[in-house]
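Participant:
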Amino acid sequence: TAFLHGYLNKTVYMHQPMGFRNKSLPNHVCLLKKSLYGLKQAPRAWYQRFADFVATIGFSHNKSDNSLFIYRHGSDMAYILLYVDDML
């Protein structure tokens, strides 16, 4: 469900899926307020929301790999590694 939490930075409209269309409004479209699975923007929107959040709690990007986030506090370190919508 990670991709459902991304925020869209552009206006995106979509047709209703079959079975959900209003027969009296066959050309009706919906304005998306958040990301959905299948959107080409979905992975990037989720990644940006995640990166923004972990930055607020003190993590930073690794300079050579944007999927690696590092938190340093004194001699302690914590790592978060992303692969699509999985974290390690």
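Okay, so the sequence shown: first residue is 1 according to full-length UniProt numbering, each after it adds one.
Where a beta carbon is used, it is the ideal one built from N, C-alpha and C, also for glycine.
Note that the coordinates shown come from a computational prediction; the quantities given were computed from them, not determined experimentally.
1. Please list the segments of the alpha helix (DSSP H) lying wholly inside the UniProt domain "Reverse transcriptase Ty1/copia-type" (1-88), counting only runs of 4 or more residues, in order along the chain.
2. Who are the near neighbours of N22 in its chain, counting only those whose CB is closer than 7 Å to its CB and skipping five residues on each side?
3. Could you name the residues of the same chain whose beta carbon sits closer than 8 Å to that of G83, not counting the 5 residues immediately before and after it, in chain order?
4. Have a look at H73, K63, V54, R72 and flag the residue whose alpha-carbon is nearest the alpha-carbon of M87.
5. Could you check whether T11 and L31 sit closer than 9 Å to each other, using their CB atoms as the reference points?
Facilitator: According to the structure data:
1. Qualifying alpha helix (DSSP H) stretches, in chain order: 42-56.
2. As a first step, residue 22 is located in the sequence shown; it is residue number 22 there, counting from the start. These residues qualify, in order along the chain: H28.
3. Here residue 83 refers to the residue found at position 83 of the sequence shown. Correcting the residue type first, residue 83 is Tyr in the shown sequence and not Gly. Shown here for Y83: same chain residues with a beta carbon closer than 8 Å to its own, the five before and five after excluded, namely S67 in chain order.
4. Looking up residue 87 in the sequence shown gives position 87. Nearest C-alpha to M87: V54.
5. Taking the first residue of the sequence shown as 1, we reach residue 31 at position 31. Taking the first residue of the sequence shown as 1, we reach residue 11 at position 11. At the C-beta level, L31 and T11 come within 9 Å of one another.
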